[in-house]
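These notes concern the structure reproduced below.
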Amino acid sequence: PTTESTTTTTETPTTESTTTTTESPSTESTTTTTETPTTESTTTTTETPTTESTTTTTETPTTESTTTTTETPTTELTTTTTETPTTESTTTTTETPTTESTTTTTETPTTESTTTTTETPTTESTTTTTESPSTESTTTTTETPTTEST
Numbered sequence: 005p006t007t008e009s010t011t012t013t014t015e016t017p018t019t020e021s022t023t024t025t026t027e028s029p030s031t032e033s034t035t036t037t038t039e040t041p042t043t044e045s046t047t048t049t050t051e052t053p054t055t056e057s058t059t060t061t062t063e064t065p066t067t068e069s070t071t072t073t074t075e076t077p078t079t080e081l082t083t084t085t086t087e088t089p090t091t092e093s094t095t096t097t098t099e100t101p102t103t104e105s106t107t108t109t110t111e112t113p114t115t116e117s118t119t120t121t122t123e124t125p126t127t128e129s130t131t132t133t134t135e136s137p138s139t140e141s142t143t144t145t146t147e148t149p150t151t152e153s154t
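Each residue of the sequence shown is one higher than the one before, counting from 5 in the working numbering.
Right, dumping it as structure tokens:
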């Protein structure tokens, strides 16, 4: 009485795609999965009266990538994670009416690096931290209309 669900599957010699849509009075959710001989991709979108969220995951023999975007009336948040056999990278971006902030973290077997950038109408600030077994380095740069500081 309160939910409707529809699933569609399409197959070709090299691809299989499945889409499922679920609707209720307050939520609509759609999930699409696509498979080929070398890649599997899944996208899920969920909508409510105040929020829209999308998650996409892509897998190949050597890489897995996930991106999640969440939107509300005042904020958009995006997170992307990419993993390979030797590297993991995560980027998070947050946007509001007055601020945009991005953080990227990259990890390898010997190094971890993090960069954070924050922008407002009057200031841009960037901080980068790099760590290895023998070194830790931090750099911060701040820019305003009249000043640049490092």
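Where a beta carbon is used, it is the ideal one built from N, C-alpha and C, also for glycine.
Values in this document were obtained by computation on a predicted structure and should not be read as measured data.
Residue i - DSSP class collapsed to helix/strand/coil
i	result
serine 141	strand
serine 136	coil
threonine 201	The displayed coordinates of the chain run from 5 to 154. Any statement about residue 201 would go beyond what the structure contains.
threonine 103	coil
threonine 43	coil
threonine 91	coil
threonine 146	strand
Which residues DSSP lists as bridging residue i, in chain order
i	result
serine 28	The partner list for serine 28 (beta bridge, DSSP) is empty, contrary to what the question assumes.
threonine 83	Thr72, Thr96
threonine 121	Thr106, Thr130
threonine 13	Thr22
threonine 49	Thr34, Thr58
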